[in-house]
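Everything on this sheet refers to the single structure shown next.
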Ligand code: NAD
Ligand code: TYD
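In the numbering used here, the protein residues as written are 428 to 767.
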């Protein structure tokens with residue numbers, strides 16, 4: 428039996444990871460810590476709250492006193508840190524909170540891991556720490572050796588955290604691992620991100636705001652495949668190692684949007700080209716050969732199947748996202764898109 432503390436478990440990937448663990452390891456205990464920011468949603472966890480192996484604590488990871496108290500009470504074996512401010516556009520508007528949560532929060536968690544002898548601290552990082560790749564060199568991909576070279580306050584905060592994690596490994600011998608994954612998609616994805624935003628707007632026949640020309644490329648992975656990779660890393664990965672996670676599924680933004688429009692039977696006339704994001708990364712592409720060779724990980728869900736499952740999920744789970752888009756999110760949407 429293992430006690431796994433999952434931070435940011437009321438968010439998109441953390442929520443999927445909580446479901447992943449509870450459905451596959453009935454002997455393990457899963458303790459979720461989340462401060463419930465705008466992106467945290469208890470509805471995401473409503474079907475596991477009665478599970479005897481699940482516990483939820485509303486705590487901010489930068490609150491060292493509460494984190495220490497929780498570790499003393501729970502004594503986790505493994506900590507997986509998903510808690511973060513995660514949206515590039517918000518980091519451009521207001522970087523401060525990104526540095527606080529994404530860097531100082533990691534320090535607080537790792538100090539608690541040291542004090543309570545946690546056997547693995549896993550940092551959920553991102554391919555965005557490598558910066559971007561040119562559009563005209565398709566053979567180039569991010570490997571674990573690619574230098575960190577960030578573009579946005581978000582990616583800079585995540586890269587800073589990665590450096591701190593490796594420093595704790597070297598200095599204190601804290602048993603850490605880091606995963607750097609490409610863009611995820613799937614159920615419980617907050618509507619501010621590309622795929623859910625386009626699905627929801629298309630369902631309402633609202634304009635589909637594509638930044639710039641839509642030529643930017645992202646490497647998309649179904650969220651359950653990311654969960655499987657992290658699960659393998661925390662159980663079989665080697666301390667002190669970084670693992671890239673991605674499924675060789677590069678797509679231009681415009682093609683993603685057209686796929687969604689066509690699958691929903693809507694008109695491509697909804698597509699509206701809007702002002703580009705400042706500092707917009709051109710292309711991300713992950714070389715996942717290390718995690719494949721060392722841990723045997725391979726993605727299971729191809730894009731066509733994954734996007735259909737995702738669209739179906741949004742159609743069938745309207746109450747989950749309607750509550751969000753009718754709340755504070757409406758102000759964000761107006762600020763970000765009204766005069767773009
Ligand atoms: P998300 O924004 O959907 O969820 C983040 C969660 O963290 C929310 O539940 C929020 O309430 C919680 N949180 C934020 N600040 C907190 C704090 N100070 N204390 C406690 N909880 C806090 O994000 P996501 O898309 O699920 O991303 C999770 C992690 O995966 C992030 O670290 C992100 O950098 C990384 N990542 C995301 C992607 C992606 O495509 N979404 C890809 C690679 C890596
Ligand atoms: P996003 O989902 O914000 O993820 P990230 O910036 O971390 O890759 O955006 C994915 C891509 O889609 C990115 O190139 C920006 C673009 N995009 C749009 O064109 N329109 C939108 O409304 C959003 C949210 C993103």
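We put the CB at the ideal spot given by N, CA and C, even for glycine.
Computed from a predicted structure; not experimentally measured.
Asked                                                                                                                                                      : Found
Report buried or exposed for residue 444, applying the criterion of at least 16 other Cβ atoms within 10 angstroms of its Cβ.                              : buried
Distance, Cα to Cα, residue 588 vs residue 692?                                                                                                            : 43 Å
Using a Cβ-based criterion (distance less than 6 Å to any ligand heavy atom), does residue 640 qualify as near ligand 1?                                   : no
Say yes only if the C-beta of residue 636 is nearer than 6 Å to one or more non-hydrogen atoms of ligand 2, and no if none qualify.                        : yes
Using a threshold of 6 Å, is the CB atom of residue 727 nearer than that to any non-hydrogen atom of ligand 2?                                             : no
Can you give me the C-alpha to C-alpha distance between residue 552 and residue 608, rounded to a whole angstrom?                                          : 7 Å
To the nearest angstrom, how far is the alpha carbon of residue 755 from that of residue 442?                                                              : 21 Å
Ignoring anything shorter than 3 residues or poking outside the stretch 633–667, list the beta strand (DSSP E) runs there in chain order.                  : 635–638, 644–649
Can residue 435 and residue 458 be called in contact, C-beta distance under 7 Å?                                                                           : no
Ligand 1 and residue 435: does any heavy atom of the ligand fall closer than 6 Å to the residue's C-beta?                                                  : yes
When burial is assigned at 16 or more other CB atoms within 10 Å of the CB, is residue 706 buried or exposed?                                              : exposed
Taking C-beta to C-beta, are residue 518 and residue 579 nearer than 7 Å?                                                                                  : yes
Measuring CA to CA, which of 447, 479, 700, 673 is closest to residue 640?                                                                                 : 700
Going by other Cβ atoms of all chains shown within 10 Å of its Cβ, with 16 needed for buried, is residue 566 buried or exposed?                            : exposed
Exposed or buried, residue 560, counting other C-beta atoms within 10 Å across all chains shown (16 or more means buried)?                                 : buried
In chain order, which alpha helix (DSSP H) runs of at least 4 residues are fully inside the stretch 515–576?                                               : 515–520, 523–526, 532–542
Which residue's Cα is closest to the Cα of residue 708: 467, 476, 515, 468?                                                                                : 515
So, at 6 Å on beta carbons, what are the nonlocal neighbours of residue 613 in its own chain, with the 5 sequence-adjacent residues on each side left out? : 649, 650, 737
Pop quiz: residue 536 and residue 488 are said to be a contact at Cβ under 8 Å. What is the actual Cβ separation, rounded to whole angstroms?              : 6 Å
Among residues of its own chain, excluding the 5 on either side of residue 728, which ones have a beta-carbon nearer than 7 Å to its beta-carbon?          : 649, 651, 652
Specify the secondary structure class of residue 471 as computed by DSSP and reduced to three states.                                                      : helix
Report the rounded CA-to-CA distance for residue 751 versus residue 611, giving the unit in angstroms.                                                     : 20 Å
Along the alpha helix (DSSP H) that carries residue 441, what are the first and last residues, could you check?                                            : 439–451
Tell me the rounded alpha-carbon separation between residue 507 and residue 696.                                                                           : 43 Å
Where do the ends of the alpha helix (DSSP H) carrying residue 454 lie?                                                                                    : No alpha helix (DSSP H) holds residue 454; DSSP gives it neither H nor E.
Looking at ligand 2, does it come within less than 6 Å of residue 644, judged from the CB to the closest heavy atom?                                       : no
Quick one: any contact between the stretch 464–472 and the stretch 492–499, if contact means 3 or more CB pairs under 8 Å?                                 : no
Please look up how many angstroms separate the CB atoms of residue 549 and residue 660, rounded, as I've assumed it's under 8 Å.                           : 6 Å
What are the partner residues of residue 432, as DSSP defines its beta bridges?                                                                            : 458, 506
Could you pull the start and end residues of the alpha helix (DSSP H) that residue 721 belongs to?                                                         : 716–722
Answer yes or no: the CB of residue 444 versus the heavy atoms of ligand 1, is any distance below 6 Å?                                                     : no
Taking buried to mean at least 16 other C-beta atoms within 10 Å of its own C-beta, is residue 492 buried or exposed?                                      : exposed
In angstroms, rounded to a whole number, what distance separates the CA positions of residue 672 and residue 606?                                          : 7 Å
Give me the Cα-Cα distance between residue 682 and residue 767, rounded to the nearest whole angstrom.                                                     : 21 Å
Spell out the partners DSSP gives residue 704 in its beta bridges.                                                                                         : None, per the DSSP bridge assignment.
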